[in-house]
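Residue numbers (the numbering used here): 14 to 115.
Data block below; observations after.
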(Lines of atoms letter the chains of each structure in order from A; the text may use other names.)
(Lines give C-alpha, C1' and ligand atoms only; values in the text may rest on other atoms or scores of the structure.)
Protein backbone atom coordinates (compact mmCIF):
# COMPACT_ATOMS: atom_id res chain seq x y z
CA UNK A 14 0.00 0.00 0.00
CA UNK A 15 2.82 2.37 0.80
CA UNK A 16 4.51 1.77 -2.55
CA UNK A 17 1.22 2.25 -4.40
CA UNK A 18 0.56 5.45 -2.51
CA UNK A 19 4.07 6.76 -3.22
CA UNK A 20 3.53 5.97 -6.91
CA UNK A 21 0.39 8.11 -6.90
CA UNK A 22 -2.01 5.19 -7.29
CA UNK A 23 -5.43 5.36 -5.70
CA UNK A 24 -6.10 2.56 -3.24
CA UNK A 25 -9.79 1.66 -3.18
CA UNK A 26 -10.94 -1.32 -1.11
CA UNK A 27 -13.72 -3.31 -2.79
CA UNK A 28 -15.61 -5.78 -0.63
CA UNK A 29 -18.92 -7.47 0.00
CA UNK A 30 -19.09 -5.85 3.43
CA UNK A 31 -21.63 -3.18 4.26
CA UNK A 32 -21.27 0.59 3.94
CA UNK A 33 -20.54 1.21 7.63
CA UNK A 34 -17.79 -1.42 7.72
CA UNK A 35 -16.14 -0.08 4.57
CA UNK A 36 -16.31 3.50 5.86
CA UNK A 37 -14.53 2.37 9.04
CA UNK A 38 -11.91 0.43 7.06
CA UNK A 39 -11.21 3.52 4.95
CA UNK A 40 -10.96 5.66 8.08
CA UNK A 41 -8.50 3.27 9.73
CA UNK A 42 -6.31 3.08 6.61
CA UNK A 43 -6.54 6.78 5.76
CA UNK A 44 -8.29 6.14 2.44
CA UNK A 45 -10.83 8.50 0.92
CA UNK A 46 -12.71 6.00 -1.27
CA UNK A 47 -14.23 2.54 -0.87
CA UNK A 48 -16.72 0.25 -2.57
CA UNK A 49 -19.17 -1.79 -0.49
CA UNK A 50 -21.72 -4.54 -1.00
CA UNK A 51 -20.10 -5.95 -4.14
CA UNK A 52 -20.04 -2.67 -6.03
CA UNK A 53 -23.53 -1.45 -5.15
CA UNK A 54 -22.37 1.29 -2.77
CA UNK A 55 -19.54 3.71 -3.59
CA UNK A 56 -18.07 5.90 -0.86
CA UNK A 57 -15.98 8.98 -1.49
CA UNK A 58 -15.21 11.18 1.50
CA UNK A 59 -18.56 11.74 3.21
CA UNK A 60 -20.56 11.13 0.03
CA UNK A 61 -22.42 7.89 -0.71
CA UNK A 62 -23.49 6.85 -4.21
CA UNK A 63 -25.69 3.84 -4.88
CA UNK A 64 -25.17 1.89 -8.12
CA UNK A 65 -28.35 -0.15 -8.37
CA UNK A 66 -29.06 -0.23 -12.09
CA UNK A 67 -32.76 0.09 -12.86
CA UNK A 68 -33.92 -0.50 -9.28
CA UNK A 69 -37.58 0.59 -9.44
CA UNK A 70 -38.60 1.10 -5.80
CA UNK A 71 -38.21 4.77 -4.88
CA UNK A 72 -37.81 5.37 -1.15
CA UNK A 73 -36.73 1.81 -0.34
CA UNK A 74 -33.34 0.18 -0.24
CA UNK A 75 -33.04 -3.09 -2.15
CA UNK A 76 -32.91 -5.00 1.14
CA UNK A 77 -36.12 -3.31 2.33
CA UNK A 78 -37.78 -4.28 -0.97
CA UNK A 79 -36.49 -7.87 -0.79
CA UNK A 80 -37.72 -8.34 2.77
CA UNK A 81 -40.95 -6.36 2.47
CA UNK A 82 -42.20 -7.40 -0.97
CA UNK A 83 -41.92 -11.17 -0.66
CA UNK A 84 -39.11 -12.47 -2.92
CA UNK A 85 -37.15 -13.59 0.12
CA UNK A 86 -40.07 -15.74 1.29
CA UNK A 87 -40.32 -17.30 -2.19
CA UNK A 88 -36.61 -18.16 -2.27
CA UNK A 89 -36.79 -19.69 1.20
CA UNK A 90 -39.80 -21.79 0.16
CA UNK A 91 -38.13 -23.34 -2.90
CA UNK A 92 -34.57 -23.75 -1.60
CA UNK A 93 -32.89 -24.71 1.62
CA UNK A 94 -31.70 -21.18 2.34
CA UNK A 95 -31.78 -18.99 5.39
CA UNK A 96 -30.68 -15.47 6.26
CA UNK A 97 -26.98 -15.31 7.09
CA UNK A 98 -27.59 -13.35 10.27
CA UNK A 99 -26.24 -11.34 11.99
CA UNK A 100 -24.23 -10.33 8.89
CA UNK A 101 -27.31 -8.91 7.17
CA UNK A 102 -27.70 -6.25 9.84
CA UNK A 103 -27.29 -2.79 8.32
CA UNK A 104 -27.08 -4.02 4.73
CA UNK A 105 -28.72 -1.78 2.15
CA UNK A 106 -28.19 -3.24 -1.32
CA UNK A 107 -27.51 -6.96 -0.95
CA UNK A 108 -28.90 -9.72 1.24
CA UNK A 109 -26.77 -12.68 2.32
CA UNK A 110 -28.26 -16.17 2.37
CA UNK A 111 -26.69 -19.48 3.35
CA UNK A 112 -27.73 -23.04 2.70
CA UNK A 113 -28.27 -25.32 -0.28
CA UNK A 114 -29.91 -24.51 -3.60
CA UNK A 115 -30.02 -26.52 -6.82
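Just so you know, even glycine gets a beta-carbon here, dropped at the ideal spot from N, CA and C.
- Taking the C-beta atoms as reference points, residue 93 is found nearer than 8 Å to residue 112.
- In the structure shown, the three-state DSSP call for residue 46 is strand.
- Counting C-beta pairs with one atom in each stretch, the stretch 35-52 and the stretch 81-101 have fewer than three that are closer than 8 Å, which means they do not touch.
- About 5 Å separates the beta carbons of residue 47 and residue 26, which is inside the 8 Å limit, making them a contact pair.
- Residue 95 is not a Cβ neighbour of residue 85, given a cutoff of 8 Å.
- Residues 85, 108 of the same chain have their beta carbon placed closer than 7 Å to that of residue 79, with the five preceding and five following residues left out of the count.
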